[in-house]
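Visitor: Residue numbers (my numbering): 55 to 490. Where a beta carbon is used, it is the ideal one built from N, C-alpha and C, also for glycine. Starting off with a structure, shown below.
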Ligand code: UGA
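Written out as structure tokens, the structure reads:
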């Protein structure tokens, strides 16, 4: 039977969570304090680029299973289960900024006290260990007579494939101190058909950080291996394939490139390091993972300099792809932004193309010329630089590309093509960790 669920926060996680719960038959009300955003969402205009999401939101609005409001108390009153999915950004010192979580917990406490019936409050946002327990204390203080439980239920979705991931989840982690509340959250997810792991709340909170830190470690590891490959003349793609065939290692997240970006890995690795520091533990591997990822961007700029004869000064380069990965318009901590800034600082003239993020990128990259047509970016350029493996970049007519470039040099930070193919086309093709 469908539950009544409120989802507070209509960012990426909240919106996907709300739409997917509606899709499996629950009645969902999504809350945000941004009035304009809510007004647009109620008309099925979604503020992010996520394949399939707009259609799902429109359908669920039509079915009446999904609604949007700015009124948090009313949403909490109408719901038995209250999901919190507000932002938890990093502060400059790596600490997690919990101000938005605290603000909504205070309001939820007031609403629960007034409603005087049982509520399950679920924390979906990525939060440091101990947050769910502290939320329980906060609600208890704000709502002394309320009957409620607090559950930790982290999310593991990837931007760009969030809907697919939701319907093919590897696991659902439910951290609770109250078995009944935990089991009800388990039943809420039943239609997704994924295995459920019940844990204590602290462990659930840590599963999220540990998973992201481990995936980031795989990426930094393979990027370091790529440098070794460059030095000894081996091919990182073959090394990764050979490693991945060992089921204990697995073939995913062994794609060498210019390192990870986005709103999750950079933030969560730093937060996990900070969590360890707070309990006087020096998490050495994680420190290196973060350092290697930052270095990866600098090294790529050196690769570009070398490929252009030692300097990029007065060289014109065409940068393909700005987002931190394809199928998203998210530019947060995108490697391309740092790489472009560094190239411009070194005197290069940069033209950049991205299929979806140009308008978002404009204020972030005043030093670059942003163009909608990739061929225009390439016209007369001294080199083509690939920073995001968009299909539109991979599907360009490379014979035409060669004709447009002043010098047929492609520097590929995402290893999009077989080396032989690009060489056969007559390019000088420089990629990551592969001979050529
Ligand atoms: C990541 C995790 O994959 C999700 O499980 C998690 O839920 C999410 O963070 C989160 O914490 O919310 P996401 O940031 O959307 O998801 O993106 P990923 O697909 O994981 O890619 C992250 C970055 O790693 C991208 O910049 C990508 O280019 C890079 N990457 C990924 C590599 O450089 N090599 C790889 O082999 C894989």
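1) Is the Cβ-Cβ distance between residue 261 and residue 227 less than 8 Å?
2) For the beta strand (DSSP E) holding residue 314, just list the boundary residues, first then last.
3) Measure the Cβ-Cβ separation of residue 436 and residue 355 and say whether it is below 8 Å.
4) Is there at least one Cβ from chain D nearer than 8 Å to residue 401's Cβ?
5) Who does residue 144 pair with in a DSSP beta bridge?
6) Thinking residue 377 and residue 348 are a contact (beta carbons under 8 Å), I'd like their distance in whole angstroms, please.
7) Count the other CB atoms, across all protein chains shown, that sit within 10 Å of the CB of residue 451; report buried if there are 16 or more and exposed otherwise.
8) Reducing DSSP to helix, strand and coil, say where residue 266 ends up.
9) Could you tell me the distance, in whole angstroms, from the CA atom of residue 160 to the CA atom of residue 415?
10) What ranges does the beta strand (DSSP E) occupy inside the stretch 198-259, keeping only unbroken runs of at least 3 residues that lie completely in it?
11) Which value, in whole angstroms, describes the spacing of the CA atoms of residue 245 and residue 215?
12) Quick check: does the Cβ of residue 322 come within less than 7 Å of any heavy atom belonging to the ligand UGA?
13) Using a Cβ-Cβ cutoff of less than 7 Å, which residues in the same chain neighbour residue 187 once the five nearest sequence positions on both sides are dropped?
14) With 16 as the cutoff for other CB atoms within 10 Å, does residue 114 come out buried or exposed?
15) Are the stretch 476-488 and the stretch 318-337 touching, with three or more C-beta to C-beta distances below 8 Å?
16) Looking only at DSSP bridge pairs, what is residue 466 linked to?
17) Using C-beta distances below 8 Å, list every residue in its chain close to residue 336, excluding the 5 sequence neighbours before and after it, in chain order.
18) If you check the beta carbons only, do residue 443 and residue 380 fall under 8 Å apart?
19) Given that a residue counts as buried once 16 or more other Cβ atoms are within 10 Å of its Cβ, and exposed if not, what is residue 332?
Guide: On the basis of the data shown:
1) Closer than 8 Å, so yes.
2) Premise fails: residue 314 is in no beta strand (DSSP E) and is neither H nor E.
3) Contact flag unset, no.
4) The structure shown has no chain D; it contains just one protein chain.
5) In DSSP, residue 144 forms a bridge with 150.
6) Actually they are not in contact, since the Cβ atoms of residue 377 and residue 348 sit about 19 Å apart, beyond 8 Å.
7) Burial call: exposed.
8) Three-state result, residue 266: helix.
9) Approximately 35 Å, taken between the alpha carbons.
10) Fully enclosed beta strand (DSSP E) runs of no fewer than 3 residues occupy 202-206, 226-229 and 250-253 of the stretch 198-259, in order along the chain.
11) When rounded, the distance between both Cα atoms is 19 Å.
12) Relative to the ligand UGA, the beta carbon of residue 322 is positioned inside 7 Å of a heavy atom.
13) Answer for residue 187: 255, listed in chain order.
14) Buried is the call here.
15) In short, these stretches do not touch, since the Cβ pair count stays below three.
16) According to DSSP, residue 466 bridges with 440.
17) In the same chain as residue 336, and ignoring 5 residues on each side of it, the C-beta atoms closer than 8 Å to its own belong to 330, in chain order.
18) By the CB criterion at 8 Å, residue 443 and residue 380 fall inside the cutoff.
19) Only exposed fits residue 332, as fewer than 16 other CB atoms lie within 10 angstroms of its CB.
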